[in-house]
Amino acid sequence: MSTVPMPPMIAASIIAIGIAYAIFSVVLQRKLVDPKRMREIQYKVNMLSKDLNAMIKNNASKEEISNKQKELMPLMSENMKKQFKPMIVILPIFFLVYYVLLGALYSGVANDTVYFIMPLNYKGLFFATVLILGFILSIVILIYDRIKAKEEQKQSQMTEGTGSSLHPQEINK
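In structure tokens:
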């Protein structure tokens with residue numbers, strides 16, 4: 003079966019749809035999840051996990067370990083729920099775009115391909131665009147969030163005047 007090259011304007015429009023979807027999904031995810039609250043939860047989970055591991059190494063009583071686990075589990079559950087929430091919205095939108103929109107717009111070029119490492123049809127090109135851009139945007143957002151968290155920690159230390167290296171939530175305890 004021979005492949006027909008995809009017209010450049012069609013490839014560009016598919017890439018544009020992929021870029022628009024990736025940006026939309028990132029913005030939607032940021033709106034549905036409070037990044038500051040997520041950082042707080044993750045910090046607390048890390049601290050409780052370290053405490054729990056230390057308790058296990060020091061042969062603490064089963065009751066103490068059980069109490070620490072009871073404190074940790076609701077936080078882990080909340081963290082999972084907050085991470086899963088955007089997927090419930092974003093995934094159906096992806097399937098609508100992938101199967102309905104792309105199928106309606108580009109069914110006439112279903113056998114045309116673009117060479118990007120390997121030949122890709124219109125759905126493959128869209129998926130590759132979303133995957134690559136999503137990966138890049140995730141890294142950028144991760145770096146941004148880490149910088150923001152460090153700034154918040156410095157700001158909190160300055161306002162408290164403690165000079166402590168504790169996390170802002172630990173200072174208030």
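Residues in the sequence shown are numbered consecutively from 3, following the working numbering. Ideal Cβ positions, reconstructed from N, Cα and C, are used throughout, including at glycine.
Exposure label - residue i; buried when at least 16 CB within 10 Å
i, result
"residue 105", "exposed"
"residue 41", "buried"
"residue 114", "buried"
"residue 21", "exposed"
"residue 123", "buried"
"residue 171", "Note that residue 171 scores a pLDDT of 49, beneath 50, so its modelled location is shaky; the value from the coordinates is reported in the next line. The residue is exposed, with fewer than 16 neighbouring Cβ atoms inside 10 Å."
"residue 116", "buried"
"residue 108", "buried"
"residue 8", "buried"
As assigned by DSSP and simplified to three states, the class of residue i
i, result
"residue 75", "helix"
"residue 161", "helix"
Terminal residues of the alpha helix (DSSP H) in which residue i lies
i, result
"residue 45", "37 to 59"
"residue 107", "104 to 108"
Presumed contact (8 Å Cβ cut-off) between residue i and residue j, rounded CB distance
i, j, result
"residue 10", "residue 147", "In fact, because the Cβ distance is near 37 Å, the residues do not count as touching under 8 Å."
"residue 128", "residue 16", "5 Å"
"residue 54", "residue 67", "7 Å"
Beta-carbon spacing of residue i, residue j below 8 Å
i, j, result
"residue 90", "residue 27", "no"
"residue 132", "residue 14", "no"
"residue 57", "residue 72", "no"
"residue 87", "residue 35", "yes"
"residue 19", "residue 99", "yes"
"residue 51", "residue 30", "no"
"residue 43", "residue 81", "yes"
"residue 121", "residue 5", "yes"
Extent of the continuous beta strand (DSSP E) run through residue i
i, result
"residue 23", "Counting along the chain, residue 23 falls outside any beta strand (DSSP E), though it belongs to the alpha helix (DSSP H) covering 10 to 34."
"residue 117", "114 to 118"
Distance cut-off 7 Å: residue i Cβ against heavy atoms of the ligand COA
i, result
"residue 11", "For the structure depicted, the ligand COA is absent and the ligand set is empty, with no information on it obtainable."
Interface flag, residue i vs chain B, CB-CB below 8 Å
i, result
"residue 154", "No chain B appears in this structure, which consists of one protein chain only."
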